[in-house]
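Heads up: the sequence shown begins at 1 in my numbering, then just goes up one per residue.
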Amino acid sequence: MCSATLLIADDDRLVLATLAEGLRRAGHRVLEASDGEEAIRIACEQKPDLVILDMRMPTKSGLDVALWLRSHTDTPFMFLSAYGDASMVTEAVQAGALGYLVKPLDVQQILPTVDAALLRGKELCALLREEAQLSAALRLGRQTSTAVGILMARHHLSEQAAFERLRAEARSQRRKLSEVAAELVNSAESSISGAG
Numbered sequence: 001m002c003s004a005t006l007l008i009a010d011d012d013r014l015v016l017a018t019l020a021e022g023l024r025r026a027g028h029r030v031l032e033a034s035d036g037e038e039a040i041r042i043a044c045e046q047k048p049d050l051v052i053l054d055m056r057m058p059t060k061s062g063l064d065v066a067l068w069l070r071s072h073t074d075t076p077f078m079f080l081s082a083y084g085d086a087s088m089v090t091e092a093v094q095a096g097a098l099g100y101l102v103k104p105l106d107v108q109q110i111l112p113t114v115d116a117a118l119l120r121g122k123e124l125c126a127l128l129r130e131e132a133q134l135s136a137a138l139r140l141g142r143q144t145s146t147a148v149g150i151l152m153a154r155h156h157l158s159e160q161a162a163f164e165r166l167r168a169e170a171r172s173q174r175r176k177l178s179e180v181a182a183e184l185v186n187s188a189e190s191s192i193s194g195a196g
């Protein structure tokens, strides 16, 4: 696995130091936080590839940090805890964790889990970017379809003729088709709301 930037958040200094040192020896850049608030601050500033969170920490728990990360960033995370009970694992999974490690930890044994979480995190980020691009394309496609419909109704044109008219207008203005379509739709919506 390639070197990655990892953020470890644990209030147990011994666990934090041991895990950080082991992951550094494995070739990773490691950032350390001793509580949840510090973890959030570092995650915002440094944008790590993966955050490893202790479930129970002062100020903000690992679960609090995970929920914050999920709603404000696309940074993947996993948990570590001295407790392996089913309810905590369920909470971790529901929060979107890519893994759950139980202390005490042997760094050599957890490296494959960390590497797998890093790969999965990259895949998830790529999927989120693709989803955003598809949503934008669908939105633009809907506006173009609506604009074509407006031209069909206004000028009694076929769908193809209305599309060609919209495209010709975009070319003559040297603008993107989606921009001209959006302008036409907004203009039609304004005239409807102005009439009402």
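Even for Gly, the Cβ is constructed at its ideal location relative to N, Cα and C.
Task: Residue environment, Lys60, which counts as buried when at least 16 other CB atoms sit within 10 Å - done: Lys60 comes out buried.
Open item on the list: Assuming contact is defined by CB atoms lying nearer than 9 Å, are Leu19 and Val107 in contact in what I supplied?
Closed with: yes
TODO: Look at the Cβ atom of Asp11, then the Cβ atom of Met57, and state whether they are nearer than 9 Å.
DONE: It is a contact, given that the beta carbons lie within the stated cut-off.
Task: Endpoints, alpha helix (DSSP H) assigned at Asp64 - done: 62-72
TODO: Look up Leu101 in the DSSP assignment and give the residues it is bridged to.
DONE: Looking at the DSSP assignment, Leu101 forms a beta bridge with Leu80.
- [ ] Using a threshold of 9 Å, state whether the C-beta atoms of Asp49 and Leu80 are closer than that.
- [x] No; because the gap between Cβ atoms is not below 9 Å, this pair is not in contact.
Task: Contact check, Arg70 vs Gly96, beta carbons under 9 Å - done: yes
Task: As assigned by DSSP and simplified to three states, the class of Arg174 - done: coil
TODO: Would you check if the distance between the CB atom of Leu118 and the CB atom of Ala4 is smaller than 9 Å?
DONE: Going by C-beta atoms, Leu118 is nearer than 9 Å to Ala4.
Open item on the list: Given this structure, state the Cα-to-Cα distance separating Gly149 from Arg142, to the nearest angstrom.
Closed with: 10 Å
Task: Contacting residues, own chain, Cβ-Cβ under 7 Å from Lys103 (five flanking each side not counted) - done: Val15, Leu80, Ser81, Ala82
- [ ] Reducing DSSP to helix, strand and coil, say where Arg56 ends up.
- [x] Secondary structure at Arg56: coil, using DSSP grouped into helix, strand and coil.
TODO: With DSSP as the reference, please indicate the residues paired to Val30 in a beta bridge.
DONE: Leu6
- [ ] Output the distance between the C-alpha atoms of Leu157 and Leu184, rounded to the nearest integer angstrom.
- [x] 16 Å
- [ ] Would you list the residues sitting across from Val51 in a DSSP beta bridge?
- [x] Residue pairing by DSSP puts Val51 in a beta bridge opposite Leu7, Phe77.
Task: Arg175 versus Asn186 - alpha carbon distance - done: 16 Å
Task: Collapsed DSSP secondary structure at Leu14 in the structure displayed - done: helix
Open item on the list: When you compare the CB positions of Leu31 and Ile42, do they come within less than 9 Å of one another, or not?
Closed with: yes
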